[in-house]
Each structure stands twice: as C-alpha cells, then as structure tokens.
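Peer 1: Below are the structure tokens for one structure; questions will follow.
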Amino acid sequence: MHIDILTVLPELLQSPFEHSIMKRAQDKGLLKVQVHQLRKWAVNEYGMVDDYQYGGGAGMVIMCEPLAKAIEELGKDRKYDEIIYLTPDGERLNQKIANTLSLKGNILMICGHYKGIDDRIREHYVTKEISIGDYVLSGGELAAAVLVDTIGRLIPGVLNDETSALFDSFQDDLLAPPVYTRPVDYNGWKVPDILMSGDHKKIADWRHEQSIQRTKERRPDILKD
Ligand code: 6GU
Numbered sequence: 026m027h028i029d030i031l032t033v034l035p036e037l038l039q040s041p042f043e044h045s046i047m048k049r050a051q052d053k054g055l056l057k058v059q060v061h062q063l064r065k066w067a068v069n070e071y072g073m074v075d076d077y078q079y080g081g082g083a084g085m086v087i088m089c090e091p092l093a094k095a096i097e098e099l100g101k102d103r104k105y106d107e108i109i110y111l112t113p114d115g116e117r118l119n120q121k122i123a124n125t126l127s128l129k130g131n132i133l134m135i136c137g138h139y140k141g142i143d144d145r146i147r148e149h150y151v152t153k154e155i156s157i158g159d160y161v162l163s164g165g166e167l168a169a170a171v172l173v174d175t176i177g178r179l180i181p182g183v184l185n186d187e188t189s190a191l192f193d194s195f196q197d198d199l200l201a202p203p204v205y206t207r208p209v210d211y212n213g214w215k216v217p218d219i220l221m222s223g224d225h226k227k228i229a230d231w232r233h234e235q236s237i238q239r240t241k242e243r244r245p246d247i248l249k250d
C-alpha cells in the first residue's frame, strides 16, 4: 500500500511511522508513507496556500489551486483508490472502516487546517471524509497519523502470529480480555488460576467470557445481542 499525505505541517508527521509495527510494515515493503508539503504547490513565491473566506468571518481556508495541483501531480504517478480528507465532520473512524481501507492500494490523505479546505475540493476530488472522534484537533495531521497506524497494521502480512489483529479489541465487536505476565504472584496479586491450567479450550472459553463481560461493563453500545 502506498499512502501520500498532503499537509502544511509535514514536521508533525516526520517520525510516527518509523517505529514498531509501522516501521516493520515499511521495511517489509508492504507499506510506503510519503509526506508532502502542500506549500510546494503554493500560489505565489511566499508559499501562500490559504486565504480569507468568502462571506466574511474569522479563520483562513486552504485554497483550491494548491490542493488541485498537488492532487493532479501526485495522481500522475499513481491512481488513487481513495482520496481521504481528515475532518471533524467526516464519518467517525471505526475498525470496520479500517479493515476496508487496509485492502486498498493507493491512498491520498489531505490534512485540513484553520477553517478547513475550499469545499470544491471536497466535492470534486475527495472520495471519503474521516473523523477520528467527537472532539476538535488543531489540524488533520494527528488524525492522519492515527488513520495510517490503524490501517497499516491491518495490511495482510504486516502482523505475525504474535501481534495478530485477530484478538484485538473491536475485531469481533468485543473488547479484548485481560492479560498477565510473570510473576504469577506480585505482592499477593495473583494471576487467574485458569491461565496456568494448560487447558487451551478452557482458556479460550474463559477469555471469550471475559471479553463479553468487559464489553457489557464498558461498552454496552457495541454489544450485539
Ligand atoms: Cl480528522 N481533524 C480535526 N481537525 N479534528 C478532528 C478530527 C480530524 N477528528 C476528530 N477531531
């Protein structure tokens, strides 16, 4: 998968994909993330990419021209399966959307700033609008980082048995069960006996039961019958 990200703040996206699972995905050649400075397509020599909004009101709007030029130029190298605009009024990200996006080949992400981007770009280029939750960030960059991570780890071949997404919270609309490691007794706090029983069937059943219990307590809204 190839992901291009358009932003006026590439500095914010310099290192999030150079560690842990995202690094491994890139090292394995399964994911490539390229961050592009939108000012490269600025409308003048001062790097202008935004202007006051028609109709009045505070806050700048990112102009059509730099975005359209960037999208057209980047689009010559690869045909985008999705052009995603990160915005608080987009569809709220969830695991199902991430699963779907993880199967795409080329994705372009556009980070908004200030009051956002000229709506004509949303109308004519953007194929999907995503929000990462019901709160407001200063810009789309951190949301793009969240989206890349969420999608990237789901790309077939990125995770191995040890890091498998199969047991993630939300994968089956259930939260993950509690986990424990050594020692078996920490200052009198004991690991549940069943996990030491060696009975894999019983352990799997126990974990499933714990998942249901946790989901009932913490996220009844995602529980199906
Ligand atoms: Cl995608 N962008 C901004 N600016 N704020 C957000 C968001 C995105 N998702 C939640 N809040």
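If you read the sequence shown in this note's numbering, its first letter stands for residue 26, the second for the next number, and so on.
All C-beta atoms in this analysis are idealised placements derived from N, C-alpha and C, irrespective of residue type, glycine included.
Since the model is a prediction, treat every value here as computed from it, not as a measurement.
Nearest to Ala170 by alpha carbon, out of Val33, Leu34, Leu38 and Ile28?
Peer 2: Of the candidates Val33, Leu34, Leu38 and Ile28, the one whose C-alpha sits nearest the C-alpha of Ala170 is Leu38.
Peer 1: I need the straight-line Cα distance from Ile132 to Tyr105, nearest angstrom please.
Peer 2: Cα to Cα, Ile132 sits roughly 5 angstroms from Tyr105.
Peer 1: Taking 6 angstroms as the cut-off, is the C-beta of Ser156 nearer than that to any heavy atom in ligand 1?
Peer 2: Checking the Cβ of Ser156 against ligand 1 gives yes.
Peer 1: With hydrogens ignored, establish whether the beta-carbon of Leu38 is closer than 6 angstroms to any heavy atom of ligand 1.
Peer 2: It does not: the Cβ of Leu38 is nowhere closer than 6 angstroms to a heavy atom of ligand 1.
Peer 1: Note down the Cα distance separating Ala93 from Asp114, rounded to an integer number of angstroms.
Peer 2: So the two alpha carbons sit approximately 21 angstroms from each other.
Peer 1: Assign Thr152 to one of two classes, buried (16 or more other C-beta atoms within 10 Å of its C-beta) or exposed (fewer than that).
Peer 2: Exposed is the call here.
Peer 1: Looking only at C-alpha atoms, which of Cys89, Trp66, Val68 and Val216 sits nearest to Asp143?
Peer 2: The option with the nearest alpha carbon to Asp143 is Cys89.
Peer 1: Can we count Pro202 as close to ligand 1, meaning its CB is less than 6 angstroms from some heavy atom?
Peer 2: Pro202: no, Cβ never under 6 angstroms from ligand 1.
Peer 1: Beta strand (DSSP E) containing Phe159: first to last residue?
Peer 2: Sequence inspection shows Asp at residue 159; the Phe mentioned does not correspond to that position. First-last for Asp159: undefined, no H or E at that position.
Peer 1: In three-state DSSP terms, what is Asp102?
Peer 2: It is helical.
Peer 1: What is the DSSP secondary structure of Gly115, counted as helix, strand or coil?
Peer 2: It is a strand residue.
Peer 1: By the DSSP assignment, the beta strand (DSSP E) with Gln59 in it spans what residues?
Peer 2: Looking at the DSSP string, the run of the beta strand (DSSP E) that includes Gln59 is Lys57 to Gln62.
Peer 1: Could you tell me how far apart the beta carbons of Ile155 and Leu200 are, in whole angstroms, since I believe they sit closer than 8 angstroms?
Peer 2: About 22 angstroms separates the two Cβ atoms, so there is no contact after all.
Peer 1: Can you give the Cα-Cα distance for Ile122 and Thr175, rounded to whole angstroms?
Peer 2: For Ile122 and Thr175, the distance between alpha carbons rounds to 10 angstroms.
Peer 1: Rounded to whole angstroms, what is the Cα-Cα separation between Ile109 and Val68?
Peer 2: Cα-Cα distance, rounded: 23 angstroms.
Peer 1: Please classify Val204: does DSSP put it in a helix, a strand, or coil?
Peer 2: In this structure, Val204 counts as coil in the three-state DSSP scheme.
Peer 1: With a threshold of 8 angstroms, are at least 3 pairs of Cβ atoms found where one atom belongs to the region 207-224 and the other to the region 61-81?
Peer 2: No: fewer than three Cβ pairs fall under 8 angstroms.
Peer 1: Determine the DSSP secondary structure at Ile180, reduced to helix, strand or coil.
Peer 2: Ile180 falls in the coil class under three-state DSSP.
Peer 1: Looking at C-alpha atoms only, which residue of Leu34, Leu248, Ala50 and Gly158 is the closest neighbour of Pro181?
Peer 2: The shortest Cα separation from Pro181 among Leu34, Leu248, Ala50 and Gly158 belongs to Ala50.
Peer 1: Alpha carbon to alpha carbon, how far is Lys241 from Lys140?
Peer 2: Going from the Cα of Lys241 to the Cα of Lys140 covers about 39 angstroms.
Peer 1: Which residues mark the beginning and the end of the alpha helix (DSSP H) in which Ile237 is found?
Peer 2: Its alpha helix (DSSP H) spans residues His225 to Arg243.
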